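Engineer:
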Amino acid sequence: MADDAPTDLYIGGSWVGASDGGRFDVLDPSNGEVIASVANGTVEDAVACVDAAERAAEGWAATAPRQRAEILRKAWELMTARSEELARLVTRENGKALTDARGEVAYAAEFFRWYAEEAVRAQGSVQTAPSGTNRILVLQQPVGIAVLVTPWNFPAAMATRKIGPALAAGCTVVLKPASDTPLTALAMAAILEEAGVPAGVVNVLPARRSGAVVSAMLHDPRVRKLSFTGSTEVGRVLLAEAADQVVNCSMELGGNAPFLVFADADLDAAVDGAMIAKMRNGGEACTAANRFYVEASVAEEFSQRFAERMRALRVGPGLEEGTQVGPLVNEDTVSKVDELVQGAVSSGAKAVVGGSRGEGAGFYYAPTVLLDVEPGSAILREEIFGPVAPVVTFETEDEAVRMANDTEYGLVSYVYTGDLARGLRVSERLDSGMVGLNRGLVSDPAAPFGGTKQSGIGREGGHDGMLDYMESKYIAVDW
Ligand code: NAD
């Protein structure tokens with residue numbers, strides 16, 4: 002599909018080149034070859050996107066919720082019908098194994114179905130003021146034009162997780178996809194158009210000069226919302242930029258998920274969960290288990306079984322039949338993963354599996370398990386974003402919780418235990434927005450996804466996800 006996927010900007014319902022004619026290349030991570038040349042949006046194009054979103058805003062906000070719902074439902078149907086070609090496109094530009102891409106496309110499409118169902122449930126409230134003198138009427142209204150900025154690791158799902166609730170709420174949007182993976186976002190714009198989304202409601206602006214185009218939009222007083230998914234580092238910059246016009250911000254940032262295994266856990270289930278939490282998307286997930294804390298009495302057995310499963314994984318080009326782990330997205334990512342692994346090894350960690358880059362062309366890294374990792378080392382503090390699992394042992398529940406919470410991140414934590422009371426107690430004490438309790442996967446369009454501390458602000462998914470695109474209007478009324 003890369004050959005016939007759209008490659009121009011999508012502004013006001015038209016496919017157009019960049020205002021300066023510029024284009025940039027998109028690479029296939031399995032071999033580094035160019036697969037497409039995409040229009041490189043400029044600041045003028047960013048303003049044109051906001052113009053188009055502004056022209057469409059009033060009409061879309063006034064469109065009946067049922068009609069908005071039907072359009073989103075149609076988008077879910079179209080995505081589902083074309084899931085295989087979309088999955089292949091995701092793999093071509095992101096590199097992930099086709100099985101992961103198929104999972105992502107099903108998950109991504111589900112945001113359209115879920116928000117088709119939510120669009121008709123934007124409830125307000127009415128109450129008598131405590132003084133008895135008047136009524137307090139509260140309406141939910143769309144927040145306004147939303148700028149959506151997404152990362153490359155889930156090119157389909159990070160876009161639909163924002164577009165679905167924004168459209169359900171009645172907002173118009175400008176999506177700036179990651180420049181490594183713009184093709185999926187453009188393919189989705191085509192699907193939304195076919196589903197009946199009016200011109201200007203969704204605009205898509207691929208751009209290499211991310212800083213300049215996003216900054217121009219955040220300083221435009223017509224923009225009222227930023228929803229960003231990406232690194233904490235860039236998130237901080239955008240929060241500062243958004244301060245200028247006091248733009249409402251939802252931030253889904255980096256993670257450093259701890260994965261706790263207590264001695265009373267079902268070890269088979271814990272190893273299965275570890276494989277999912279670590280290896281979904283080849284480790285390139287904000288929810289990826291980044292640090293494994295295992296109770297000392299089962300550490301050897303757990304690590305051995307986990308290492309066997311990691312060793313057995315088949316690494317190769319994402320589109321090749323039987324591949325379980327594709328390449329990482331680009332050279333920088335492979336270098337960063339290798340730097341963290343070599344740093345850990347030089348301070349005493351032992352790689353029982355993997356521990357090095359893959360051979361030949363393409364951005365491969367071998368699935369790796371590291372034992373005897375020194376507490377406090379960089380690999381335990383930083384987001385690895387690759388197929389590497391450092392294992393550390395603990396003796397007591399308090400120690401496990403303390404080590405798990407010892408991070409500026411707070412996106413998700415995982416806990417495996419056979420004692421439900423312990424599981425719930427520990428879940429309450431873990432400082433993260435989400436906990437997988439005897440589960441290695443938490444992402445669900447029906448659930449509020451998001452983090453505490455420097456992992457973010459706001460929630461995506463569930464009913465909360467739509468409220469992120471709405472504002473309460475309070476009317477004090479006498480009747
Ligand atoms: P990134 O922060 O480098 O880029 C994210 C997006 O921001 C891209 O579209 C990029 O082009 C754009 N961008 C980069 N610099 C910018 C700037 N100065 N101004 C405006 N926009 C800019 O992140 P990435 O490498 O694409 O994605 C990986 C990161 O995303 C990881 O940290 C991961 O944890 C995080 N992530 C978080 C979630 C979540 O829901 N919390 C989900 C997926 C990924």
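Per this note's numbering: the sequence shown = residues 2 to 480. Positions of the beta carbon are idealized from the N, C-alpha and C atoms, including for glycine. Note that the structure is predicted; figures quoted are calculated from it, not measured.
For Lys351, does the count of other Cβ atoms within 10 angstroms reach 16, so buried, or fall short, so exposed?
Structural biologist: Lys351 comes out exposed.
Engineer: Between the segment 363-373 and the segment 381-389, do three or more beta carbon pairs fall short of 8 Å?
Structural biologist: Touching, yes, given that three or more Cβ pairs across the two stretches are closer than 8 Å.
Engineer: Quick one: residues in its chain with C-beta nearer than 8 Å to the C-beta of Val121, no 5 flanking neighbours on either side, listed in chain order?
Structural biologist: Pro66, Arg67 and Ala70
Engineer: Since Asp26 is in the beta strand (DSSP E), which residue starts that stretch and which ends it?
Structural biologist: Arg24 to Asp29
Engineer: With respect to 8 Å, is the separation between the Cβ of Ser298 and the closest non-hydrogen atom of the ligand NAD below this value?
Structural biologist: Not so, every heavy atom of the ligand NAD lies at least 8 Å from the Cβ.
Engineer: Run the CB neighbour count on Thr282, radius 10 Å, all protein chains shown included, and call it buried at 16 or more, exposed below.
Structural biologist: A small correction: the amino acid at residue 282 is Asn; Thr does not occupy that position in the sequence shown. Buried is the call here.
Engineer: With burial defined as no fewer than 16 other Cβ atoms inside 10 Å of the residue's Cβ, what is the status of Ile476: buried or exposed?
Structural biologist: With fewer than 16 other Cβ atoms within 10 Å, it is exposed.
Engineer: What residues in its chain sit with their C-beta under 7 Å from that of Glu409, if we drop five residues either side in the sequence?
Structural biologist: Lys454 and Gln455
Engineer: With a Cβ-Cβ cutoff of 9 Å, do Gly466 and Glu119 count as a contact?
Structural biologist: yes
Engineer: Which residues in the same chain as Gly13 place their Cβ atom closer than 6 Å to its Cβ, once the five residues preceding and following it in sequence are excluded?
Structural biologist: Ala53, Ala200 and Gly201
Engineer: Where does Glu94 fall in DSSP's three states?
Structural biologist: Three-state result, Glu94: helix.
Engineer: May I have the straight-line CA-CA distance separating Asp373 from Val392, to the nearest angstrom?
Structural biologist: 7 Å
Engineer: Use the C-beta contact count for Val39: other C-beta atoms within 10 angstroms, 16 or more gives buried, fewer gives exposed.
Structural biologist: Residue environment for Val39: buried (at least 16 other C-beta atoms within 10 angstroms of its C-beta).
Engineer: From Val262, Val326 and Cys287, pick the residue whose C-alpha is nearest to that of Ser304; which is it?
Structural biologist: Val262
Engineer: When the Cα atoms are used, what is the spatial distance from Thr418 to Arg312?
Structural biologist: 25 Å
Engineer: Within the continuous beta strand (DSSP E) that includes Ala208, where are the two ends?
Structural biologist: Bounds of any beta strand (DSSP E) do not take in Ala208, whose DSSP letter is neither H nor E.
Engineer: Do Arg162 and Thr230 have their C-beta atoms closer together than 9 Å?
Structural biologist: Judged by beta-carbon spacing, Thr230 lies within the 9 Å limit of Arg162, meaning their Cβ atoms are closer than that value.
Engineer: On the three-state DSSP scale, how would you describe Gly165?
Structural biologist: helix
Engineer: When you compare each of Asp469, Ser216 and Arg223 to Arg237 by their alpha carbons, which one comes out closest?
Structural biologist: Ser216
Engineer: Please determine, among Ser126, Pro207, Gly452 and Val248, the residue with the shortest C-alpha to C-alpha distance to Tyr470.
Structural biologist: Val248
Engineer: Name the two residues that bound the continuous beta strand (DSSP E) containing Arg225.
Structural biologist: Val224 to Thr230
Engineer: Roughly how far, in whole angstroms, is the beta-carbon of Ala243 from the beta-carbon of Leu227, given that I think they are within contact range, below 8 Å?
Structural biologist: 5 Å
Engineer: Bridge partners for Trp16 per DSSP, in chain order?
Structural biologist: Tyr11
Engineer: With the cut-off set at 9 Å, would you say Gly459 and Ser180 are in Cβ contact?
Structural biologist: no
Engineer: Among residues of its own chain, excluding the 5 on either side of Phe112, which ones have a beta-carbon nearer than 6 Å to its beta-carbon?
Structural biologist: Thr161, Arg162, Gly165 and Pro446
Engineer: Keeping to the same chain, check which residues put their C-beta closer than 7 Å to that of Val478; ignore five residues upstream and five downstream.
Structural biologist: Asn135, Arg136 and Leu138
Engineer: Determine the direct distance from the alpha carbon of Lys337 to that of Lys97, and round the result to whole angstroms.
Structural biologist: 18 Å
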